[in-house]
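Take a look at the structure set out below.
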Amino acid sequence: MMQVLLIGYGNPLREDDGIGWAAATALSQPEHAVEGVTLITETMHQLLPELADPISQADLVVFVDAAVSGEPGDIQSEAIRPFPSPPGAFSHHVGPAGLLEMARDLYGRFPPAYLFTVTVANLGYGENLSPTVTAVLPELLHQIKTVIQTAAESGA
Numbered sequence: 136m137m138q139v140l141l142i143g144y145g146n147p148l149r150e151d152d153g154i155g156w157a158a159a160t161a162l163s164q165p166e167h168a169v170e171g172v173t174l175i176t177e178t179m180h181q182l183l184p185e186l187a188d189p190i191s192q193a194d195l196v197v198f199v200d201a202a203v204s205g206e207p208g209d210i211q212s213e214a215i216r217p218f219p220s221p222p223g224a225f226s227h228h229v230g231p232a233g234l235l236e237m238a239r240d241l242y243g244r245f246p247p248a249y250l251f252t253v254t255v256a257n258l259g260y261g262e263n264l265s266p267t268v269t270a271v272l273p274e275l276l277h278q279i280k281t282v283i284q285t286a287a288e289s290g291a
């Protein structure tokens, strides 16, 4: 079975900043299962160095976060690669590329990884996504599942 680690991050109490949590929660439901894939979901407020270990053990990692640039509801995706850093550059707050770099340097392995972002419409206080971001959630889930299915079919 292919192991996919899906990390949804942001603040679910700040409306659209919770898109990562919403995507992770939705994709963990049985109706979104991908054959041949074990999906492990994590939700958190920010990315932390402790994720380097589970990242190093996954066959594929998908990060999902909110973005502030672009038109509200825009979905962006990109492949992520680790970047080199000087010794001692690890900190308590890192991005996806930094976590891949930590996985490589600390555990000798990093998997293919993708970052999906959705541009926010609202960042007020509240637990619900805005109508704009709610409307694109099905498309976001579809795009993420497509990446996972493609990786599973290719034996990534």
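Numbering-wise, my numbering puts 175 at position 40 of the sequence shown, and it's gapless, one number per residue.
Backbone N, C-alpha and C fix where the C-beta goes; we use that ideal spot for every residue, glycine too.
The structure presented is a predicted model; accordingly, all values stated were derived computationally and were not measured.
What does the Cβ neighbour count give for residue 254, buried or exposed, with the cut at 16 atoms within 10 Å?
Taking the first residue of the sequence shown as position 1, residue 254 is located at position 119. Around the beta carbon of residue 254, 16 or more other beta carbons sit within 10 angstroms, so the residue counts as buried.
Which two residues bound the contiguous alpha helix (DSSP H) that contains residue 270?
As a first step, residue 270 must be located in the sequence shown, where it is residue number 135. Residue 270 -> alpha helix (DSSP H) spans 266 to 289.
Report yes if the CB atom of residue 268 is closer than 9 Å to the CB atom of residue 154, and no otherwise.
Against the sequence shown, residue 268 aligns to sequence position 133. Against the sequence shown, residue 154 aligns to sequence position 19. Yes, the Cβ-Cβ distance between residue 268 and residue 154 is below 9 Å.
Got a sec, what are the start and stop residues for the alpha helix (DSSP H) residue 232 sits in?
Start at 1 with the first residue of the sequence shown, and residue 232 comes out as number 97. For residue 232, the uninterrupted alpha helix (DSSP H) run begins and ends at 231 to 242, by DSSP.
Under 8 Å, with one C-beta from each stretch per pair, do the stretch 159 to 171 and the stretch 205 to 215 reach the 3-pair mark?
Not touching, per the Cβ criterion.
Just the C-alpha distance for residue 174 and residue 156, rounded to the nearest angstrom, thanks.
For the purposes of this step, residue 174 is taken as the residue at position 39 of the sequence shown. For the purposes of this step, residue 156 is taken as the residue at position 21 of the sequence shown. The alpha-carbon atoms of residue 174 and residue 156 are separated by roughly 15 Å.
Sequence-distant residues of the same chain with beta carbon closer than 8 Å to residue 265, five excluded per side:
Position 130 of the sequence shown, counted from the first residue, corresponds to residue 265. The beta carbon of residue 265 lies closer than 8 Å to those of 150, 151, 207, 255, 256 and 257 in the same chain, with the five residues before and after it left out.
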